[in-house]
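Working notes for the structure below.
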Amino acid sequence: MKFNKIIIITSIFFFFFQSNVFSDVPYYVDFKYVLNKSEAGKKAQAYLKKKLDDGAKKIKKKEIAIQEEEKKIIQQKKVISPEEYKKKVKSLREKVESLQKERSSLLSSVSKERSKARNELLKNLNPIIQDYMKEKNIRMVLDKKSILLSDENLDITQDIVKVLNSKLKSIKLN
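Counting the sequence shown from 1 gives a position; this note's numbering is that position plus 1121.
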């Protein structure tokens, strides 16, 4: 009789242990992959890269023009008066400072837009993940970067990317 009670208690304990622990296995999503490989993420990155490249080209042209102006000033140093030389050097320094501010402004602008795009994508991603969790009866989803080691069967990244691609084609950045 005592042996039967132990078996019953053990089986009940095992049943509760199994249902509570094993059903709450956390799944994970590689958010970096989602941001880089989803359609909306790719379009946002292409837009930001183009904006950065175009801005860098304009800055490079101005930089070349300033270098040419510097060469001319150096060549004229012995021909023009010292006061005139100082004025031209001062003007050149102002142009260099302006160019540095423009470069900094471009990088800051692209950085802000990248952050905005990331936040917008994550904002749209949250309801998708919540719906997926309800549909698949998942109780917890983690970011892959915070996991040391896990079974690849718990990775739901590809499923999330498919759903995201079907629901969100692009992100409005302007």
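Backbone N, C-alpha and C fix where the C-beta goes; we use that ideal spot for every residue, glycine too.
Quick caveat, the model's predicted, so the values are computed rather than measured.
Report task. Note down the Cα distance separating E1256 from K1170, rounded to an integer number of angstroms. Result -> Start at 1 with the first residue of the sequence shown, and residue 1256 comes out as number 135. Start at 1 with the first residue of the sequence shown, and residue 1170 comes out as number 49. Roughly 37 angstroms separates the two Cα atoms.
Query raised in the report: Just reading off the alpha helix (DSSP H) that V1262 is part of, what are its end residues?
Result: Locating residue 1262 in the sequence shown gives position 141, where the first residue counts as 1. Unbroken run through V1262 is the beta strand (DSSP E), 1262-1264; no alpha helix (DSSP H).
**Report entry** Alpha carbon of I1180 to alpha carbon of I1195, nearest angstrom
**Finding:** Position 59 of the sequence shown, counted from the start, is the residue given in the question as residue 1180. Position 74 of the sequence shown, counted from the start, is the residue given in the question as residue 1195. Near 22 angstroms, if we compare the C-alpha coordinates of I1195 and I1180.
**Report entry** Minimum Cβ-Cβ distance from K1198 to chain C less than 8 angstroms
**Finding:** In the displayed structure, chain C is absent; only one protein chain is listed.
Requested in this report: Confirm, please, whether the CB-CB distance from L1220 to K1192 is below 8 angstroms.
Outcome: In the sequence shown, the residue the question calls residue 1192 occupies position 71. In the sequence shown, the residue the question calls residue 1220 occupies position 99. In this structure, the beta-carbon distance from K1192 to L1220 does not fall below 8 angstroms.
Query raised in the report: Which residues mark the beginning and the end of the alpha helix (DSSP H) in which V1217 is found?
Result: Within the sequence shown, the letter at position 96 stands for residue 1217. It spans 1203-1257 - the alpha helix (DSSP H) in which V1217 sits, taken as one unbroken run.
Query raised in the report: What are the residues that DSSP puts in a beta bridge with Y1154?
Result: Taking the sequence shown and counting its residues from 1, the one referred to as residue 1154 is at position 33. In the DSSP output, where bridge partners are listed per residue, Y1154 has none listed.
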